[in-house]
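By the working numbering, the letter at position 95 of the sequence shown is numbered 76, and the numbering carries on one by one without gaps.
In what follows, a single structure is set out as structure tokens and then discussed.
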Amino acid sequence: MTRSNPEVYGIPPDMSINYGVRIYALATLFALIALAQWLVIGFFVDLGKDATGLRYGIWVVGTFFGISMLAWTNFGRKFPINIIISAIIIESSTMYIGKEQQMTKSLLVNSYASIIVVALVTLCIFWGAYFPMPLVPGDLVLSLLVAGANIMIIVFFINGFSVQSSSVYTMVRNFFALFAVVLIMYTATIIHNRQFDVPKNEYLFLSTLLFFGYMLLHERMLALS
């Protein structure tokens, strides 16, 4: 009895495709789209200068909800729903940061913040992709930060509806900046096959994760600038 090769139905996967390039290219495209809109907003659109503290929490919660749909629901992963969800995340993040930039109205400050954040994101990706795994955040660290993020969101809204302490607002935003650093590193380990096997053809989700991490860091850098 001779052994035969198993039959393969459909088109075999193309193992030569580098999904990492697609993920990074798409995340870069998202950032360029945001940059183009920021330029338009900066020169031609006035989004107002009201400093509503709750706006940050609404943006973070809404984005996390959208990312959760992309990651864990069959509905959110279907085309074209996944495209629509990603577009909403990109546009809402772009508009939020655009409004934050208008609080400064300084092209130099905004440019400085953008350069620093791009360098920091690149460093985080390099760290997650190439540093020894004991030095890279793993599942436990990310899980603890996710739990901490839930607590911080609750604290944020309690503060927003009662005390309205600026120190609490700053503490929560600094926490999410740290969360963004770990998120980008962890995503890089997935992209470079260092964590566990994830279907890389779902590059839209991973690109959106990188973009959101970039936006969280950009918000903090604007405040520090």
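The beta carbon of each residue, even a glycine, is placed where N, CA and C say it ideally should be.
These numbers were taken from a predicted model, which means no experiment stands behind them.
Which of the three DSSP states, helix, strand or coil, is assigned to residue i?
i, result
"Pro115", "helix"
"Thr103", "helix"
"Thr54", "coil"
"Val144", "coil"
"Lys80", "helix"
"His199", "helix"
"Pro(-6)", "Caution applies to Pro(-6), whose pLDDT of 49 falls short of 50 and renders its modelled position unreliable; the model cannot decide the point."
"Phe60", "coil"
"Arg175", "coil"
Taking 8 Å as the cut-off, decide whether the C-beta atoms of residue i and residue j are in contact.
i, j, result
"Arg201", "Tyr37", "no"
"Gln18", "Leu203", "no"
"Val98", "Tyr0", "no"
"Phe186", "Ala100", "no"
"Ile66", "Met50", "yes"
Taking only the alpha-carbon atoms, compute the straight-line gap between residue i and residue j and give it to the nearest angstrom.
i, j, result
"Trp40", "Leu89", "26 Å"
"Ala158", "Leu198", "5 Å"
"Pro113", "Tyr5", "21 Å"
"Lys59", "Ile48", "13 Å"
"Val163", "Pro118", "6 Å"
"Thr189", "Ala8", "7 Å"
"Phe56", "Leu116", "36 Å"
"Ser147", "Phe156", "14 Å"
"Leu78", "Leu121", "According to the sequence as given, residue 78 is Ile; it is not Leu. Between Ile78 and Leu121, the C-alpha separation is close to 30 Å."
"Ile139", "Met133", "10 Å"
"Leu126", "Tyr167", "12 Å"
"Gly141", "Ile135", "10 Å"
Spell out a yes or no on whether the region 10 to 21 and the region 63 to 76 are touching, meaning 3 or more CB-CB pairs, one atom from each, closer than 8 Å. Yes, the region 10 to 21 is in contact with the region 63 to 76.
With contact counted as at least three CB pairs below 8 Å, one residue from each stretch, are the region 90 to 110 and the region 166 to 173 in contact? Cβ pair count under 8 Å is three or more, so yes.
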